[in-house]
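A short write-up of the structure that comes next.
Numbering (UniProt numbering), first residue to last: 1 to 136.
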């Protein structure tokens with residue numbers, strides 16, 4: 001797994017943990033950075049911080065474009081995969097879009113249901129297609 005791939009997985013871990021604990025992802029991130037076991041790299045921090053800052057808009061986009069699924073009905077892993085992937089795809093322009101989608105779909109295949117990779121791929125691909133028209 002690439003360094004960014006590991007950073008994405010660590011970001012997902014932090015986002016998922018924050019949701020399970022009912023805490024702000026930035027609080028959980030700060031705890032992990034302070035503990036440094038294992039160290040949190042800058043790319044992980046950028047994703048978690050970005051999701052924390054843009055979460056309302058990200059959740060609005062996911063809710064608007066996911067057909068037949070509400071946020072509450074999605075598995076928690078999928079919600080957080082989509083949050084991380086959406087942030088990286090729409091707010092981190094220096095990363096190739098195809099790589100972003102592929103990496104988050106790969107994580108869905110490893111960590112979620114059999115249907116999750118297709119769901120995550122479809123929604124992130126839709127955001128890629130709509131990116132020029134989405135108001136960020």
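All residues carry an ideal CB built from backbone N, CA and C; glycine is no exception.
Residue 122 versus residue 36: straight-line alpha-carbon distance, rounded | 35 Å
If we count the other Cβ atoms within 10 Å of its Cβ and call it buried at 16 or more, is residue 84 buried or exposed?
-> buried
Does the ligand MN have even one heavy atom less than 7 Å from the beta-carbon of residue 33?
-> Judged by which ligands are present, the structure shown has none, so any question about the ligand MN falls away.
Would you please state the rounded distance, in angstroms, between the beta carbons of residue 48 and residue 14? I believe it to be under 8 Å.
-> 5 Å
If you draw a straight line from the alpha carbon of residue 27 to that of residue 105, how long is it in whole angstroms?
-> 26 Å
Taking the Cβ atom as the reference point for each residue, do residue 125 and residue 81 lie within a distance shorter than 8 Å?
-> no
Can you list, in chain order, the residues of its chain whose CB lies under 8 Å from that of residue 20, leaving out five sequence neighbours each side?
-> 76
Could you spell out the range, first to last residue, of the alpha helix (DSSP H) harbouring residue 52?
-> 42-65
Can you tell me whether residue 96 is buried or exposed, with buried defined as 16 or more other CB within 10 angstroms of its CB?
-> exposed
Residue 95: first and last residue of the uninterrupted alpha helix (DSSP H) it sits in = Boundaries for residue 95: no alpha helix (DSSP H) harbours it, and the DSSP string shows neither H nor E there.
Please go through the same chain and pick out, in chain order, the residues whose beta-carbon is closer than 6 Å to the beta-carbon of residue 29, but skip the five residues on each side of it.
-> If we look at residue 29 and ignore the five residues flanking it on each side, its Cβ neighbours are 14 and 48.
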